Amino acid sequence: MANEEDDPIIQEIDVFLARSLLEKLYLFQYPIRPASMTYDDVTHLSAKIKPKQQKVELEMAIDTLNPNYCRSKGEQIALNVDGTCTDETSTYSSKLMDKQTFCSSQAASNVSRYAAAVYKKGELHLTPLHGILQLRPSFTYLDKADAKHREREAANEGGDSSQDEAEDDVKQITVRFSRPETEQARQRRVQSYEFLQKRQAEEHWVHLLYYGLKDSRSEHERQYLFSQGHGLAENTELIKSPSEYLMMLMPPSVEEENDKPMAPSNVLSMAQLRTLPLADQIKILMKNVKVMPFANLMSLLGSGTDSTAVLRCIQQVAMLVQGNWVVKSDVLYPKDTSSPHSGVPAEVLCRGRDFVMWKFTQDRWVVRKEVAAVTKLCPEDVKDFLEHMSVARINKGWEFMLPYDEDFVKKHPDIVQRQHMLWMGIQAKLEKVYNLLKEHLTPKKQEAQSAHPLLVSGEQRVNVAKAKVKQNYGQLEKEFQKQKAEMKSNDTSTKMDVSNIHIKEEPVSDEEPMDTSAYEGMNNGIVNGLHAEEDSMDSLNGHLPGGCIDRVAQELKAFVSSTFRKQFVLTLSELKRLFNLHLASLPPGHTLFSGISDKMLQDMVLDTGCKQILVPFPPQTAASPDELKVYALWEAGDTYDQHRQVLLEIFSKNYRVRRNVIQSQLSQECGADLNKQEVDRVLK
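All residue numbers for the sequence shown refer to UniProt numbering, where the first residue is 1 and numbers rise by one.
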């Protein structure tokens, strides 16, 4: 009350609401005007607008006669933009930068609380603003200058290599047929940034007429800023109670849905997130992150959040996998949706993703081909499932992305037990849907679940080999008797005393078989080149039963020959990797599982017509010894044998060579000039 007495009312002003320019009045905010620019020069000023986007472009005249104007700079800019020739498409027809373009951007998304006011004769007339636009200089003329510069450079370089242009005329064309677009895919396309940009570009400019400040038309339009009727009947909006009037002046700062930008669904600030209920917060976080430890979830929810309530909510939207929480499939794929890749309905996608999650409850590693074979889904969908919760490891498969959370498992055994029961129910459903075999249901041993590859020492391999020889001794003797009978029937002159025949147990070789333990995830039962099946007839370390050595050599030679026919040049490391992949594709019990050493593999490479190329790599290289051993096919029987040999001789002298040196050396040694395509083919 004391403050009101000290601040008395000295005048009351009537306020009127003008409606004549409703939804037509814009406020333009200009930058600071340079001394050489005038807004009143209407002869060289144009304007255009895109009404739906509320986008405006204004072209202002620059006073080139002003002493502050640098004429040399203006001439240089005009020359860079338009060049020496002038025509109708020229930006600056006067060969001088005599105008400047301004483009608008919205200064505020919600302008409902702003109005333009005019005070006249003790009356205040308000007109609501339809938009507030900030005008900034546009430098598109610089883009035009860069385009002109690139065109001139392309024209200068165009005549240098006519042969290359003639060769580039023939290009391969790939024809693709698009599948029918689903409703969900169409909605995503309509909401994409690219579609919105294209739609905005399609809106045509509407050219406007500009009238100066003192023009008679401007004086006429300014009269619409005053209310046409001064009676209270025409201004019923102002007949409000004080609280309602204050609410109209300062409405709550709640953005309407149509005012929100078209942003991705996962863009949400933490401040906005914490205004939501706890269940919605957890659902949004899990839907975006997909896999999260419980400790990380609690840190994101903020201090003071009840962990019991979080545990109750997290079980509604996520499942426990290896002590971590993984978002449920029906949260990512709601009902009545479909796959963006194949159009498969959400129910099928949820079953496939549940199978992947269940596999990770059994093991840390999952093979993508196995998932695709069971679920019968397209590779893109399977890849999406795996990327949600795992990381691809070369030559191993997909590993669960987070380590096993032992702390959570120890602190919440009741939650772990409840989740285990849920997984048992999911497993029963998956068995019925996919007709899962026993090998899919049986979890692997603990050693296989370890992230470290299983290593077997040489002494252990020798013991395994001796045990297998003793175990298969009787079978080997029967096989020998059978072979002896066949030889006796074929050659009657040869007489052999069966009683004097003994099976010779050959000593174990010192050669180390190639280590293939890194590929045990291929599900072929291979550990360090040894097959794990007990009924296998093959022994170890390259010592095979009679009649099998030649067959192993033929198989190995066929693999090496076919590989070098495709690759031509390979390091020993890459050859071993390809050989291990080849082993993984063979059926159990194949002869190549007997154990192939590095020396055997290298000898076979040399026997198939390949040579070792002693490439002088730099001494500071970080490559392994196997990566420094380079082998190449010396003679392939085609027309490029001589060129290939010359190229290999070049690389035996230097590990890095320029292309022009290679081309000149090939032409000199082969006696014929090679064109670009032929050189590319030899290099490839």
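Yeah, the Cβ is synthetic: ideal placement off N, Cα and C, and Gly gets one too. Computed from a predicted structure; not experimentally measured.
_Whole-number beta carbon distance between Ala78 and Tyr92, since they are thought to touch under 8 Å_ = A Cβ-Cβ separation of about 4 Å places Tyr92 in contact with Ala78 under the 8 Å criterion.
Check your understanding: Buried or exposed: where does Asn110 fall if 16 or more other Cβ atoms within 10 Å of its Cβ makes it buried?
Key -> Sixteen is the threshold: since fewer than 16 other Cβ atoms of the shown chains lie within 10 Å of the Cβ of Asn110, the residue is exposed.
Do Ala107 and Ile132 count as a contact pair if the criterion is CB distance below 7 Å? Taking 7 Å as the cut-off, the beta carbon of Ile132 is found closer than this to the beta carbon of Ala107.
- Message: Do Gln612 and Tyr631 have their beta-carbon atoms positioned less than 7 Å apart in this structure?
- Response: A contact, by the Cβ cut-off of 7 Å.
Reduced DSSP category for Ile132 - H, G, I as helix; E, B as strand; rest coil: DSSP places Ile132 in strand when its eight states are reduced to three.
- Task: Assuming Lys99 and Ala61 form a contact by the criterion Cβ under 8 Å, report the distance between their Cβ atoms to the nearest whole angstrom.
- Result: Rounded, the Cβ-Cβ distance is 6 Å, consistent with contact.
| said: Our contact map puts Gln134 next to Ser104 with C-beta atoms below 8 Å; I'd like the distance itself, whole angstroms only. | reply: In this structure, Gln134 and Ser104 form a Cβ contact; the two beta carbons are roughly 7 Å apart against a cut-off of 8 Å.
**Asked** Between His388 and the rest of its own chain, which residues show a CB-CB distance below 6 Å, the 5 nearest in sequence each way excluded?
**Response** Lys290.
Q) Relative to the alpha-carbon of Leu21, which residue among Gln228, Asp280, Lys676 and Leu273 has its alpha-carbon at the smallest distance? A) Considering only alpha carbons, the answer is Gln228.
Identify whether Pro51 lies in helix, strand or coil by the three-state DSSP scheme. In the structure shown, Pro51 sits in coil (DSSP, three-state: anything other than H, G, I, E or B).
query = Between the C-alpha atoms of Ser573 and Glu627, what's the straight-line distance to the nearest angstrom?
reply = The alpha-carbon atoms of Ser573 and Glu627 are separated by roughly 5 Å.
* Backbone secondary structure at residue 691 - three-state DSSP -> In the structure displayed, the chain extends from 1 to 684; residue 691 sits before or after that span and is not available.
| Do residue 692 and His130 have their C-beta atoms within less than 7 Å of each other? | Because the chain in this structure spans residues 1 to 684, residue 692 falls outside the shown range and cannot be described.
Problem set entry | Cβ contact check for the region 339–351 and the region 308–323: 3 or more pairs under 8 Å | No, the region 339–351 does not touch the region 308–323.
Report all residues from its chain with a CB closer than 7 Å to the CB of Ala145; omit the five preceding and five following residues, and keep chain order. Residues Asn80 and Val81 of the same chain have their beta carbon placed closer than 7 Å to that of Ala145, with the five preceding and five following residues left out of the count.
* To do: In angstroms with no decimal places, state the Cα-to-Cα distance between Pro31 and Phe102.
  => Whole-angstrom Cα-Cα distance: 9 Å.
Original post:
How about the region 403–413 and the region 371–385: do they share at least three Cβ pairs that are nearer than 8 Å?
Top reply: No, they do not touch.
Taking all protein chains shown into account, decide if Gln292 is buried (16 or more other Cβ within 10 angstroms of its Cβ) or exposed. First, the amino acid is wrong: residue 292 is Met here, not Gln. By the C-beta density criterion, Met292 is buried, having at least 16 other C-beta atoms within 10 angstroms.
Give the range of the beta strand (DSSP E) segment to which Arg393 is assigned.
Counting along the chain, the beta strand (DSSP E) containing Arg393 begins and ends at Ser390 to Arg393.
- Residue range of the unbroken beta strand (DSSP E) whose run includes Leu27: Where Leu27 is concerned, the enclosing beta strand (DSSP E) stretches over Tyr26 to Gln29.
message: If you measure between the beta carbons of Ile415 and Asp354, is that distance less than 7 Å?
response: Taking the C-beta atoms as reference points, Asp354 is found no nearer than 7 Å to Ile415.
_Beta-carbon spacing of Cys670, His643 below 7 Å_ = Going by beta carbons, Cys670 and His643 fall inside the 7 Å limit.
In this structure, does DSSP put Glu57 in helix, strand or coil?
-> Reduced to three states, the DSSP call for Glu57 is strand.
**Study point:** N- and C-terminal bounds of the beta strand (DSSP E) containing Tyr631
**Key:** Going by DSSP, Tyr631 is part of the beta strand (DSSP E) stretching over Val630 to Leu633.
Exercise. Does the beta-carbon distance from Glu380 to Val391 come in below 7 Å?
Worked result: One thing to note: Glu380 has its Cβ no nearer than 7 Å to the Cβ of Val391.
Check: Assuming Leu575 and Leu556 make a contact with CB atoms under 8 Å, what is their CB distance in whole Å?
Finding: The C-beta separation of Leu575 from Leu556 comes to about 12 Å, leaving the pair out of contact by the 8 Å criterion.
| request: Return the chain-ordered list of same chain residues with a C-beta closer than 8 Å to the C-beta of Leu124, the five sequence neighbours on each side being excluded. | output: The beta carbon of Leu124 sits closer than 8 Å to the beta carbons of Ile13, Asp14, Val15, Phe16, Ala117 and Val118 from its chain, once the five residues preceding and following it are set aside; these are given in chain order.
Exercise. Go ahead and label Tyr193 buried or exposed: buried means 16 or more other beta carbons lie within 10 angstroms of its beta carbon, across all protein chains shown.
Key: By the 10 Å Cβ count, Tyr193 comes out exposed.
- State the Cα-Cα distance for the pair Glu165 and Asn66, rounded to the nearest angstrom. With a pLDDT of 48 at Glu165, under the threshold of 50, the predicted position of this residue should be treated as unreliable, and no value is reported.
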